[in-house]
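Peer 1: Submitted below is the structure of interest, expressed as structure tokens.
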Amino acid sequence: MIFKKCDCSLLTGTEINSYKVFEELGAFFEQQVNKRIYKDVPVNKPFYIGHSTLKKREIKWYATKWYKCSICGCLWEFNYPDFPQKGFVRKFEDGKYIET
Ligand SMILES: [Zn+2]
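Residues in the sequence shown are numbered from 1 upward in steps of one, following our numbering.
Structure (structure tokens):
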């Protein structure tokens with residue numbers, strides 16, 4: 001029997017402040033999905049809710065990707081950078097999303 005192991009405990013969330021970091025993270029998540037360790041899951045909660053002062057409308061920002069670890073249940077939020085706007089990766093250890 002083969003036990004799959006995940007690397008979640010070794011990883012933490014991070015800011016994405018360069019293309020190099022972005023590419024490395026993108027490759028990492030893709031690899032984990034290919035190995036069926038992480039599952040690409042729909043993003044159903046915004047990481048930011050704000051209000052537009054101009055139109056008095058609610059603004060919701062959603063991350064680009066969510067990945068769920070099939071081994072430890074960890075949830076990863078991956079927001080692609082749009083430079084100069086930085087991206088980020090956030091980790092939710094028990095798989096429960098905490099809205100900010
Ligand atoms: Zn894991």
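Note that CB positions come from ideal geometry on N, CA and C, so glycine has one too.
Just so it is clear, the structure is predicted and the values come from calculations on it, not from any experiment.
For residue 59, which residues of its own chain have a beta-carbon under 6 Å away from its beta-carbon, when the five flanking residues on both sides are left out?
Peer 2: Counting only Cβ-Cβ distances below 6 Å, and skipping sequence neighbours, we find 50, 52.
Peer 1: For residue 75, which three-state DSSP category applies?
Peer 2: In this structure, residue 75 counts as strand in the three-state DSSP scheme.
Peer 1: Which residues does DSSP list as the beta-bridge partners of residue 50?
Peer 2: The partner list for residue 50 (beta bridge, DSSP) reads 59.
Peer 1: Could you tell me the alpha carbon to alpha carbon distance between residue 70 and residue 88, rounded to whole angstroms?
Peer 2: Rounded to whole angstroms, residue 70 to residue 88 spans 22 Å at the Cα level.
Peer 1: Does the Cβ-Cβ distance between residue 101 and residue 29 come in under 7 Å?
Peer 2: This structure does not reach residue 101, given that the chain is present from 1 up to 100, and the question cannot be answered.
Peer 1: Which residues mark the beginning and the end of the alpha helix (DSSP H) in which residue 20 is found?
Peer 2: Start and end: 19-34.
Peer 1: Beta strand (DSSP E) containing residue 67: first to last residue?
Peer 2: Counting along the chain, the beta strand (DSSP E) containing residue 67 begins and ends at 65-69.
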